[in-house]
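Trainee: Numbering (my numbering), first residue to last: 10 to 523. The beta carbon of each residue, even a glycine, is placed where N, CA and C say it ideally should be. These numbers come from a predicted model, not from an experiment. Here it is, the structure in full.
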Amino acid sequence: MTFKASASPVRYKLPRSLSAAALLLTLGGCEDNPEPTPQPTPQTRCEGFRGKTLEEARITGAELVAASGQLPEYCKVTGTLPPSLDFEVRLPTVWNEKTVFAGGGGFDGSIPSTDVYTQKGYAAIASNGGHTGDVLDASFALDPQKLDDFAYLSTHRVLPIAKAIIQERYGKGSAKTYFEGCSNGGREALIEAQRWPEDFDGIIARAPAYNFVELLIAFNRNTRQLMKPGASLPSEKLQVLGKAVLDACDATDGVADGILSHPTACQFDPAVLQCAGAEQNDCLTAEQVASAKTIYSPTLLNGTTLYPGWPAGGEADPLGWDAWITGNGNATASAGGLFGSGLIKYFITRDPNYDPLTFDPNNWQPRINEMSALVSANNTDLGAFRTRGGKLILWHGGTDAAISLKGTAAYYEGVVQAAGGQAAADTFVEYFPAPGVNHCAGGAGADTVDLLTALENWVEKGVAPSQAGLVATKLDPQTGQSVLSRPLCKYPRYPKYKGSGDVNSADSFTCVDP
10 MTFKASASPV
20 RYKLPRSLSA
30 AALLLTLGGC
40 EDNPEPTPQP
50 TPQTRCEGFR
60 GKTLEEARIT
70 GAELVAASGQ
80 LPEYCKVTGT
90 LPPSLDFEVR
100 LPTVWNEKTV
110 FAGGGGFDGS
120 IPSTDVYTQK
130 GYAAIASNGG
140 HTGDVLDASF
150 ALDPQKLDDF
160 AYLSTHRVLP
170 IAKAIIQERY
180 GKGSAKTYFE
190 GCSNGGREAL
200 IEAQRWPEDF
210 DGIIARAPAY
220 NFVELLIAFN
230 RNTRQLMKPG
240 ASLPSEKLQV
250 LGKAVLDACD
260 ATDGVADGIL
270 SHPTACQFDP
280 AVLQCAGAEQ
290 NDCLTAEQVA
300 SAKTIYSPTL
310 LNGTTLYPGW
320 PAGGEADPLG
330 WDAWITGNGN
340 ATASAGGLFG
350 SGLIKYFITR
360 DPNYDPLTFD
370 PNNWQPRINE
380 MSALVSANNT
390 DLGAFRTRGG
400 KLILWHGGTD
410 AAISLKGTAA
420 YYEGVVQAAG
430 GQAAADTFVE
440 YFPAPGVNHC
450 AGGAGADTVD
460 LLTALENWVE
470 KGVAPSQAGL
480 VATKLDPQTG
490 QSVLSRPLCK
500 YPRYPKYKGS
510 GDVNSADSFT
520 CVDP
């Protein structure tokens, strides 16, 4: 999809000609001082940012944070860009000379933690996406300037300010600058690759909600179905559905271990669970079967697929369908129900009193197209990002009930086609599904993997992640020790059990073609 600019003017975009040096003149001043001055301490260097102004950005705080636990000493600089784009830059006293910008989640509204990067010595950047509010609150979208920041501008506006702060603190810029985000942060990652390809050297998009508008309309479609009389799927019925899926498909990867490693091979039909007579706890009514089929099936807009259905797997996980789609019998209270409602009210109809249960997307196609062009990151042509040497890693949990695994597969396939084929795409993008993993983390599968180091090795040493081999682990939350490991296979390959060996060890699996 070709990006179209917002109908409202972008009033707060930084000039293209603005350089870090120009910002530094505003930040630090330029003053002759023939007298020798003492070497500034980390504290004085940090506190010196207080009250400064960098173009439109106003520094609102600067404090030296003492080392604590795994976190080293660092300077935390906070600031704001009009109208309400708040940001934070962390500057470790001992710096590894690299920077990571962390993506947000949901409708944004707050600055996410960057502890994981601070621990490793990176300068770390994060923002609230352009507004302050709850992650489920979409009311900001009624303000066109805040909407533009959320849609595609916030990261691009903050980055040059953060780079100037880094330059001032260390006397030099970062050797490399990376972006990592999951969910809406994954959408923000792909917005950068598509619309601002010069911003980052490498990008990690985990479970990207790249087709953001389309996804939330699919949430609304699911909610409308589940709220029909007798059509809800309470938790106990999800247990029945989840067990039936595993019974039918778990062994397609060579071992029945509670993890679907090859979901595309699962052709499960929920109709096999339909009650023969009166409703029982171990079967689904006809209305409930229709609800399950709806969730598995694509969402259509005037006959054309708008969003792919959700794959089989993870139905019985309490942090899966129950949390994101069905709401234990009240779909309007599920996360997906609430996100879909927010989109309908504040992005599409722009009517806070609109009833999302009456929404018919077919009647709103022009507005849906307009919002998709502004907010969604559907463009598969990453030619400019590729030309500048950028590298992109895609990752998605196999039992993600928030964002369909099928969507990321479709996007990756589109990137391959736009690049001119697999060989060309392999030079700058790789995609790794994570079997049995929920939204961003959790689930039965191995959900922990260091993609940032893999990205660095690709950008800085030319070693692609699939060449080096990636192994994901599942950690015991009490001890932090690995209890499960699996190879992460480059799409479309999947990990298949070798037929012998410890089923909890990655060594017992090999990546195979479907």
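Which first and last residues belong to the beta strand (DSSP E) in which TYR219 is found?
Mentor: For the purposes of this step, residue 219 is taken as the residue at position 210 of the sequence shown. Looking at the DSSP string, TYR219 is not in any beta strand (DSSP E), and its letter there is neither H nor E.
Trainee: Could you check where the alpha helix (DSSP H) with ASP124 kicks off and where it finishes?
Mentor: The residue labelled residue 124 in the question sits at position 115 within the sequence shown. 124-127 is the extent of the alpha helix (DSSP H) around ASP124.
Trainee: Just to confirm the assignment, what range does the alpha helix (DSSP H) spanning PHE394 have?
Mentor: As a position in the sequence shown, residue 394 is number 385, starting the count at 1. Here the alpha helix (DSSP H) through PHE394 covers 392-396.
Trainee: Have a look at ILE534 and ASN372 and give me their C-alpha separation to the nearest angstrom.
Mentor: No information on residue 534 is available, as it lies outside the stretch 10 to 523 that the chain covers here.
Trainee: Given ALA253, which residues of its chain have a CB within under 8 Å of its CB, disregarding the five upstream and five downstream residues?
Mentor: Residue numbering aside, residue 253 sits at position 244 when the sequence shown is read from its first letter. The answer, listed in chain order, is PHE277, PRO279, VAL281 and LEU282.
Trainee: If you draw a straight line from the C-alpha of ALA31 to the C-alpha of THR87, how long is it?
Mentor: Here residue 31 is taken as the residue at index 22 of the sequence shown, counted from 1. Here residue 87 is taken as the residue at index 78 of the sequence shown, counted from 1. Note that ALA31 scores 38 on pLDDT, short of 50, meaning its location in the model is unreliable and no value can be drawn from it.
Trainee: According to DSSP, simplified to helix, strand and coil, what is LYS107?
Mentor: Numbered from 1 along the sequence shown, position 98 holds the residue referred to as residue 107. If DSSP states are grouped into helix, strand and coil, LYS107 belongs with the strands.
Trainee: For the alpha helix (DSSP H) containing TRP467, name the first residue and the last one.
Mentor: Here residue 467 refers to the residue found at position 458 of the sequence shown. Unbroken alpha helix (DSSP H) run through TRP467: 460-470.
Trainee: Taking just the CA atoms, how far does GLY195 sit from ILE357?
Mentor: The residue you call residue 357 lines up with position 348 of the sequence shown. The residue you call residue 195 lines up with position 186 of the sequence shown. When rounded, the distance between both Cα atoms is 22 Å.
Trainee: Using C-beta distances below 7 Å, list every residue in its chain close to LEU199, excluding the 5 sequence neighbours before and after it, in chain order.
Mentor: Position 190 of the sequence shown holds residue 199. So the qualifying residues of the chain are ALA214, PRO217, TYR219 and ALA386.
Trainee: Got a sec? Which residues, its chain only, sit under 8 Å from CYS520 by beta carbon, not counting five neighbours each side?
Mentor: Residue mapping note: residue 520 aligns to position 511 of the sequence shown, counting from 1. The answer, listed in chain order, is PRO496, CYS498, LYS499, ARG502, TYR503, PRO504 and LYS505.
Trainee: For GLU97, does the three-state DSSP call read helix, strand or coil?
Mentor: What you label residue 97 is simply residue 88 of the sequence shown in a count that begins at 1. Here GLU97 sits in strand by DSSP.
Trainee: Closest by CA to PRO91, which one among LEU63, CYS449 and GLY130?
Mentor: Indexing the sequence shown from 1 puts residue 91 at position 82. Among LEU63, CYS449 and GLY130, the Cα nearest to that of PRO91 belongs to LEU63.
Trainee: In three-state DSSP terms, what is HIS165?
Mentor: Counting from one through the sequence shown, the residue named residue 165 turns up at place 156. HIS165 falls in the helix class under three-state DSSP.
Trainee: Could I get the ranges of all uninterrupted beta strand (DSSP E) runs contained in the stretch 378-432, with 3 residues as the minimum, in chain order?
Mentor: Every beta strand (DSSP E) of 3 residues or more that sits fully in the stretch 378-432 is shown, in chain order, as 400-406.
Trainee: Apart from the five residues just before and just after ARG359, which ones in its own chain have a Cβ nearer than 7 Å to its Cβ?
Mentor: The count along the sequence shown starts at 1 and reaches residue 359 at position 350. Around ARG359: LEU151.
Trainee: Since TYR305 is in the alpha helix (DSSP H), which residue starts that stretch and which ends it?
Mentor: As a position in the sequence shown, residue 305 is number 296, starting the count at 1. Its alpha helix (DSSP H) spans residues 295-305.
Trainee: Please classify ASN311: is it buried, with 16 or more other beta-carbons within 10 angstroms of its beta-carbon, or exposed?
Mentor: Within the sequence shown, numbered from 1, the residue matching residue 311 stands at position 302. Burial call: exposed.
Trainee: For LYS505, which residues does DSSP report across the bridge?
Mentor: Locating residue 505 in the sequence shown gives position 496, counting from the first residue. Bridge partners of LYS505: THR519.
Trainee: Are the Cβ atoms of SER93 and THR123 separated by less than 8 Å?
Mentor: Taking the sequence shown and counting its residues from 1, the one referred to as residue 93 is at position 84. Taking the sequence shown and counting its residues from 1, the one referred to as residue 123 is at position 114. No; because the gap between Cβ atoms is not below 8 Å, this pair is not in contact.
Trainee: Measure the beta-carbon distance from ASN290 to GLU324 and round it to whole angstroms, keeping in mind my assumption that it falls under 8 Å.
Mentor: Reading the sequence shown from its first residue, position 281 is the one you call residue 290. Reading the sequence shown from its first residue, position 315 is the one you call residue 324. The C-beta distance from ASN290 to GLU324 rounds to 16 Å, too long to fall under 8 Å, and the pair is not in contact.
Trainee: With a cut-off of 8 Å on the beta carbons, I'd call SER270 and PRO444 a contact; round off their distance for me.
Mentor: Residue 270 sits at position 261 when you count from the first residue of the sequence shown. Residue 444 sits at position 435 when you count from the first residue of the sequence shown. With a Cβ gap of about 4 Å, SER270 and PRO444 count as contacting.
Trainee: To the nearest angstrom, how far is the alpha carbon of GLY37 from that of GLU177?
Mentor: Locating residue 37 in the sequence shown gives position 28, counting from the first residue. Locating residue 177 in the sequence shown gives position 168, counting from the first residue. In this prediction, GLY37 scores a pLDDT of 39, lower than 50, which makes its location untrustworthy; the coordinate-derived value is nonetheless stated afterwards. One alpha carbon belongs to GLY37, the other to GLU177, and they sit about 8 Å apart.
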